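In what follows, a single structure is set out as structure tokens and then discussed.
Numbering (the numbering used here), first residue to last: 220 to 554.
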């Protein structure tokens, strides 16, 4: 016998649909240090290098951890747009089959819609370049790759993000027929996919990530890895380490510019988005000349109060709005 679901059951199902729409994933090694440049401009460099010194509790001593990134010989280093593509591919994989297989079938148009890109010649060309860079880049971790299966730090050298990709359309080579897109595919690299399967992924707010500037996006990805509400909602970190290693700002950039042009505006962006809480204390604290810290507080009440619901709306729309969903999105979900 089929029974009609209650209003609460329907509301919960719609709320879960919203959650799936919003939630993306991020691999936790790759949100620690960036594999891409912070801008689209070609700086002429084809390598990135990051270095951390940390106290290893197992070895009971300070250890040196490094990441070297080598760009593709033809296409160069990944840029912030390629980082955007990477996050889109993670979201696509999560929605497609939940990381059950390294191969993902997709359409470029659907990926553009997911990332908020226009379906234009620029987008198709830019995606092709980005996929080549994600295949061609090589990451070399020394004492820095976290093996979630063995629960230890280790070396992991010379691996790419993607193993391969294939774009398919209905035109034969040289044909003048109109473009009709068929399903394309990509394959995650084996090292990275092993990390996916071990569960070394974290949930992120993909809608938020998609709308952030490159610097704010990296700051969000890094901070969100270390916030553990309600136990840890404040993070204080050395500004040089944050800027030059975790965000990837050029080491030639002076700290005054780092504060005013990069980290300060990125933090303000996250405050406006409701992710960070405005703190009465200063964002930056100078410990001594040339030595600064930055402090960030998570906003645990990050949902913005919904606007008043118009009279006459159906009960499901009202129920969803009471749970913090905008009236427009609630109407779309219940249409």
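We put the CB at the ideal spot given by N, CA and C, even for glycine.
Bear in mind that the values here come from a model prediction, so they are computed numbers and not experimental data.
> Under the DSSP definition of a beta bridge, which residues are partnered with residue 268?
Replying inline: For residue 268, which the question treats as bridged, DSSP gives the partners 287.
> Any idea if residue 475 is buried or exposed, counting beta-carbon neighbours within 10 angstroms, 16 or more meaning buried?
Replying inline: Burial is judged here by how many other beta carbons sit within 10 angstroms of a residue's own beta carbon; residue 475 has fewer than 16 and is exposed.
> Under 8 angstroms, do residue 449 and residue 375 count as touching if we go by C-beta distance?
Replying inline: Contact: no.
> Counting Cβ pairs closer than 8 angstroms, one from the region 369-386 and one from the region 409-429, do we hit at least three?
Replying inline: Yes, the region 369-386 touches the region 409-429.
> Between residue 439 and residue 458, which are expected to be in contact by the criterion C-beta below 8 angstroms, what is the C-beta distance as a whole number of angstroms?
Replying inline: Between residue 439 and residue 458, the beta carbon gap of about 17 angstroms keeps them out of contact (Cβ cut-off 8 angstroms).
> Bridge partners of residue 456, per DSSP?
Replying inline: Partner(s): 513.
>> So for residue 410, helix, strand or coil by DSSP?
In response: In this structure, residue 410 counts as helix in the three-state DSSP scheme.
>> Quick check: the region 248-266 against the region 295-302, are at least 3 beta-carbon pairs closer than 8 angstroms?
In response: Taking a cut-off of 8 angstroms on C-beta distances, the region 295-302 touches the region 248-266, as three or more cross pairs fall below it.
>> For a minimum of 3 consecutive residues, which ranges assigned as the beta strand (DSSP E) are wholly contained in the region 415-487?
In response: Complete beta strand (DSSP E) runs here, min 3: 420-424, 453-457.
> How is residue 323 classed by DSSP in three states: helix, strand or coil?
Replying inline: In the structure shown, the three-state DSSP call for residue 323 is strand.
>> Suppose you measure from the CA of residue 284 to the CA of residue 388; what does that come to, to the nearest Å?
In response: Whole-angstrom Cα-Cα distance: 44 angstroms.
>> Helix, strand or coil for residue 244? Go by DSSP, reduced to three states.
In response: Residue state, collapsed to three classes: strand.
>> I'd like to know whether the C-beta atoms of residue 178 and residue 296 end up nearer to each other than 8 angstroms.
In response: Beyond the ends of the chain as shown, which are 220 and 554, falls residue 178; an answer cannot be given.
>> Please return the same chain residues whose Cβ sits closer than 8 angstroms to the Cβ of residue 453, not counting the five positions on each side in sequence.
In response: The answer, listed in chain order, is 514, 515, 516, 517.
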